[in-house]
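If you're matching them up, the sequences are chains A and V in order.
Heads up: the first sequence begins at -19 in the working numbering, then just goes up one per residue.
Heads up: the second sequence begins at 12 in the working numbering, then just goes up one per residue.
For reference, the structure discussed in these notes is given below.
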Amino acid sequence: MKNILERNRVTVIGNSGPTMIYAHGFGCNQAMWHRITSAFGQYRQVLFDYTGSGAAGAPFDARRYANLDGYVQDLLDVCDALGLTEGVRLVGHSVSCSIGLLASIARPSLFERMILIGPSPCFLNDPPNYFGGFEREDLAGLLDMMEQNYIGWAQYLAPVVAGAAQAESTGAELAASFCSTDPLAARTFARATFFADNRADLAAVTVPSLILQHRHDALAPLTVGDYLHARLANSRLEVLEVSGHCAHMSHPQLVVAAMRRYLSLAPADLLGQHR
Amino acid sequence: MNLYDQLPCAVLQTDLEGKIIQMNAELIRILGPASPVRPGALMDELLPPASRIFLQTHVWPMLLREAAVREIYLHLRAGDATRIPVMVNASGGGEGASASYTWVMFVARERSLFEAELIKARNRAEAGSHAREENDHFTHTVADLSGRALAFLDLSARCKFSNARFAALLGDHHAILDQGPWLAQIEPGARAAHGQALELALTGAAPSSAALAVALAGRPAWSVRYLSSRSKAGLLDGCFLVEQRPIAAT
């Protein structure tokens, strides 16, 4: 259990009140939540990094994380390591909304309610009925873009010199920016994120959820929020009047207010569809 | 004309959400006359899809957390739909109506090509390294499965390869092979005969020797033949040591 807490760099803030667990999106790590957590001192707040995200130094098994199931398992591992069995409030961003939904299907009794910031069950277009926003070739472009953006060129080129078994050593030396990630882990997470299609899983979700939709979001457009709301039982949809994909960083006060409203609802009021 | 418009690089000013406040003359020139993007639009519209994803998943979080980003590689989408590689720095922040970010972009066509070549070369080197590891594993497995002791000596008679049975037959002597030539292992009485067979194999004069006994202190005796080795191009590159014994019937 201790190694799960290290592997996922689990941070626990506070030790009383209901448990809230925050799951970061692709591209960053738990540091993205710092403007939210300060507003919820009455909760026991759990933060973690997915394996390979942030400065997590654990060896990265690319097969385990080839699709979202590996990330779902990370989330469940963290809950298990902390002995969480029920009543957890999940706050997910972007792809972590899908990860949270899948985790809630696997363990419906673990989660009490979920807050989904900028969710999308599928980033790819599937005409004529679904437009996630992107084509498969856009992902190839993204992988190239990531490859040309590794902070620390010498480090990125170094592994060949050092031989093939290098993942751990380079991971530890990456520049300290909070978007730095082990290159293999970043590519693997990108593929798992942008090739995921969890539309068929939505009908199996029973845990109540709040969808926080950005008004103008290049990654998760309004129509995707509507799509999710229509298919997620016991969901509420709230549109934040902001542009971008990470309102919890750009407009934390709006997100905190929406979270407070939703967290204050009595369990019976979570059931049914609301806008 | 203000200073921004005289700068030989593209400059963009946005609000905290990425809505374009100002574009300088160089940015408008780079995008070309066909680009419809003007102040009021979201800067996402300046970018092709992959760069848009990178902007939203990496650049904005960094900018919002650290108030600046440096040397980020992105593509702009010109009015004629071509992609323009740019290096981007951005900084700014603040609260309220006056808060904004300033984005500076340098066109980096040559640099981008050079870096792409470096990455390709790196990926090729890594693929080569993986292939070599696989090949090594395969070679060792086949050599171990052959049932005979096998080793390869280069032209200076140093051992470059040996299989598990060869190591087992040599016992402690095997470790010494790393430091000296093979002949130094052979006991003095038999060294001349081995030396001659080795010489003939390494020069190609006699590509396959007769079987010679190998007796090392504290080890059971066995016999070996020397076989010339030639590279794919036909050049002598060393010789194989092959254990001679009837393969036991199973």
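Don't be surprised by glycine CBs; every beta carbon is placed ideally from N, CA and C.
In this text, all values refer to a predicted model and were calculated from it rather than measured experimentally.
(request) Answer with buried or exposed for glutamine 67/V, where buried requires no fewer than 16 other C-beta atoms within 10 angstroms of its C-beta. (result) Counting from one through the second sequence, the residue named residue 67/V turns up at place 56. So glutamine 67/V ends up on the buried side.
(request) Whole angstroms is fine: what's the gap from glutamate 121/V's alpha carbon to aspartate 177/A's? (result) For the purposes of this step, residue 121/V is taken as residue 110 along the second sequence, with counting starting at 1. For the purposes of this step, residue 177/A is taken as residue 197 along the first sequence, with counting starting at 1. About 38 Å.
(message) Give me the chain V residues within the contact set of glutamate 258/A, using Cβ-Cβ distance strictly less than 7 Å, ordered along the chain.
(response) The requested residue 258/A is not part of the displayed model; chain A covers only -19 to 255.
(message) Strictly below 7 Å CB to CB, what residues from chain V border histidine 196/A?
(response) Residue numbering aside, residue 196/A sits at position 216 when the first sequence is read from its first letter. Here the neighbours are Leu53.
(request) Quick one: list the residues of chain V neighbouring valine 222/A, beta-carbon separation under 8 Å, in chain order. (result) Within the first sequence, residue 222/A is the residue found at index 242, counting from 1. Within 8 Å Cβ-Cβ: Glu28.
(request) Using a cut-off of 9 Å between C-beta atoms, extract the partners of cysteine 8/A located in chain V. (result) As a first step, residue 8/A must be located in the first sequence, where it is residue number 28. Thr68, His69, Pro72, Met73 and Arg76, listed in chain order.
(request) Check whether the Cβ of glutamate 218/A lies closer than 9 Å to any Cβ atom in chain V. (result) By 1-based counting over the first sequence, the position of residue 218/A is 238. It does not; no Cβ of chain V falls within 9 Å.
(message) Is it buried or exposed, arginine 5/V, if we count other Cβ atoms within 10 angstroms and call 16 or more buried?
(response) The first residue shown for chain V is 12 and the last is 261, placing residue 5/V beyond what the model contains.
(message) Please identify the residue among Val48/V, Val235/V and Glu82/V whose C-alpha is closest to the C-alpha of phenylalanine 117/V.
(response) Residue mapping note: residue 117/V aligns to position 106 of the second sequence, counting from 1. Out of Val48/V, Val235/V and Glu82/V, Glu82/V has the C-alpha closest to the C-alpha of phenylalanine 117/V.
(message) Determine, for serine 308/V, whether the minimum Cβ-Cβ distance to residues of chain A falls below 9 Å.
(response) Absent from the model: residue 308/V. The displayed extent of chain V is 12 to 261, so no value can be given.
(message) Measuring only the C-alpha atoms, how far is isoleucine 97/A from histidine 209/A?
(response) Reading the first sequence from its first residue, position 117 is the one you call residue 97/A. Reading the first sequence from its first residue, position 229 is the one you call residue 209/A. Going by the C-alpha atoms only, they are around 13 Å apart.
(request) Using a Cβ cut-off of 9 Å (strictly closer), state whether leucine 85/V contacts chain A. (result) Position 74 of the second sequence, counted from the start, is the residue given in the question as residue 85/V. Yes, its Cβ sits closer than 9 Å to a Cβ of chain A.
(message) Applying the 10 Å Cβ sphere with the 16-neighbour rule, what's the burial state of glycine 4/V?
(response) The structure shown does not extend to residue 4/V, since chain V is modelled only from 12 through 261, so no value can be given for it.
(message) Please report whether the beta-carbon of phenylalanine 174/A lies at a distance below 9 Å from any beta-carbon of chain V.
(response) Taking the first sequence and counting its residues from 1, one reaches residue 174/A at position 194. Cβ-Cβ to chain V under 9 Å: yes for phenylalanine 174/A.
(message) Assuming contact is defined by CB atoms lying nearer than 9 Å, are aspartate 91/V and alanine 45/V in contact in what I supplied?
(response) Translated into positions along the second sequence, residue 91/V becomes position 80. Translated into positions along the second sequence, residue 45/V becomes position 34. Cβ distance < 9 Å, so aspartate 91/V and alanine 45/V count as in contact.
(request) Compare the beta carbon distance of arginine 93/A and arginine 69/A with 9 Å and say whether it is the shorter of the two. (result) The residue given as residue 93/A occupies position 113 in the first sequence. The residue given as residue 69/A occupies position 89 in the first sequence. Their beta carbons are under 9 Å apart, which means arginine 93/A touches arginine 69/A by this criterion.
(request) Consult DSSP for lysine 131/V and reduce its assignment to one of helix, strand or coil. (result) Your numbering for residue 131/V matches position 120 in the second sequence. The answer is helix: DSSP assigns lysine 131/V an H, G or I state.
(message) Among the candidates Pro108/A, Leu104/A and Leu123/A, whose CA atom is the shortest distance from the CA of arginine 116/A?
(response) Position 136 of the first sequence, counted from the first residue, corresponds to residue 116/A. Of Pro108/A, Leu104/A and Leu123/A, the residue nearest in Cα terms is Leu104/A.
(request) Could you tell me whether the Cβ atoms of proline 188/A and arginine 216/A are closer together than 9 Å? (result) Your numbering for residue 188/A matches position 208 in the first sequence. Your numbering for residue 216/A matches position 236 in the first sequence. Taking 9 Å as the Cβ cut-off, proline 188/A and arginine 216/A qualify as a contacting pair.
(message) Using CA atoms only, rank isn't needed, just tell me which of Arg143/V, Ala78/V, Leu124/V and Asp147/V is closest to tryptophan 114/V.
(response) Taking the second sequence and counting its residues from 1, the one referred to as residue 114/V is at position 103. That would be Ala78/V, whose Cα lies nearest to the Cα of tryptophan 114/V.
(message) Any beta carbon from chain A within less than 9 Å of alanine 195/V's own beta carbon?
(response) In the second sequence, residue 195/V corresponds to position 184, counting from 1. Chain A, which has no Cβ nearer than 9 Å to the Cβ of alanine 195/V, makes this no.
(message) For a quick check, are the C-beta atoms of glutamate 254/V and leucine 164/V less than 9 Å apart?
(response) Your numbering for residue 254/V matches position 243 in the second sequence. Your numbering for residue 164/V matches position 153 in the second sequence. Cβ atoms of glutamate 254/V and leucine 164/V: not closer than 9 Å.
(message) Taking contact to mean 3 or more Cβ pairs, one atom from each stretch, closer than 8 Å, check whether the stretch 155 to 175 of chain V and the stretch 126 to 142 of chain V are in contact.
(response) no
(message) Does any residue of chain V have a CB that is nearer than 9 Å to the CB of methionine 229/A?
(response) The residue you call residue 229/A lines up with position 249 of the first sequence. For methionine 229/A, the answer is yes, since a Cβ of chain V falls inside 9 Å of its Cβ.
(request) Could you please give me the residues that DSSP links to histidine 254/A through a beta bridge? (result) Start at 1 with the first residue of the first sequence, and residue 254/A comes out as number 274. Arg216/A.
(message) List, in chain order, every chain A residue whose beta-carbon is nearer than 7 Å to that of glutamate 126/V.
(response) Position 115 of the second sequence, counted from the start, is the residue given in the question as residue 126/V. Neighbours of glutamate 126/V on chain A, chain order: Gln128.
(request) Run down chain B in chain order and give the residues with a C-beta less than 9 Å from the C-beta of isoleucine 39/V. (result) Absent from the structure is chain B; the protein chains it does hold are A and V.
(request) Would you kindly work out how many angstroms separate the C-alpha atoms of glycine 139/V and alanine 61/A, rounded to a whole number? (result) Numbered from its first residue, the second sequence carries residue 139/V at position 128. Numbered from its first residue, the first sequence carries residue 61/A at position 81. Each residue's alpha carbon lies about 41 Å from the other.
(request) Could you check the C-alpha separation between tyrosine 110/A and leucine 119/A for me, to the nearest Å? (result) Taking the first residue of the first sequence as position 1, residue 110/A is located at position 130. Taking the first residue of the first sequence as position 1, residue 119/A is located at position 139. Their Cα atoms are separated by approximately 18 Å.
(request) Check whether the Cβ of alanine 208/V lies closer than 9 Å to any Cβ atom in chain A. (result) Position 197 of the second sequence holds residue 208/V. Taking Cβ atoms only, chain A never reaches closer than 9 Å to alanine 208/V, which makes this a no.
(request) Can you tell me which of Cys8/A, Pro201/A and Thr17/A puts its alpha carbon nearest to the alpha carbon of methionine 239/A? (result) Locating residue 239/A in the first sequence gives position 259, counting from the first residue. Among Cys8/A, Pro201/A and Thr17/A, the Cα nearest to that of methionine 239/A belongs to Thr17/A.
(request) Counting only the same chain and skipping the five closest in sequence on each side, list residues whose C-beta sits under 8 Å from that of phenylalanine 114/A. (result) In the first sequence, residue 114/A corresponds to position 134, counting from 1. Same-chain partners within the cutoff: Phe103, Leu104, Asn105 and Phe174.
(request) Give the interface partners of cysteine 226/A over in chain V, defined as CB-CB distance under 8 Å, in chain order. (result) Taking the first residue of the first sequence as position 1, residue 226/A is located at position 246. Here the neighbours are Gln67, Trp71, Pro72 and Leu75.
(request) Mind listing the chain A neighbours of isoleucine 31/V? Cutoff is C-beta to C-beta under 7 Å, in chain order. (result) Residue 31/V sits at position 20 when you count from the first residue of the second sequence. Within 7 Å Cβ-Cβ: nothing; isoleucine 31/V doesn't reach chain A, min ~11 Å.
(request) Determine, using beta carbons only, whether serine 109/V comes closer than 9 Å to chain A. (result) Counting from 1 along the second sequence, the entry for residue 109/V is found at position 98. Serine 109/V does not count as touching chain A.
(message) Less than 9 Å between the C-beta atoms of isoleucine -7/A and glutamine 22/A, yes or no?
(response) Along the first sequence, read from residue 1 onward, the residue named residue -7/A stands at position 13. Along the first sequence, read from residue 1 onward, the residue named residue 22/A stands at position 42. Result no, Cβ atoms of isoleucine -7/A and glutamine 22/A do not sit closer than 9 Å.
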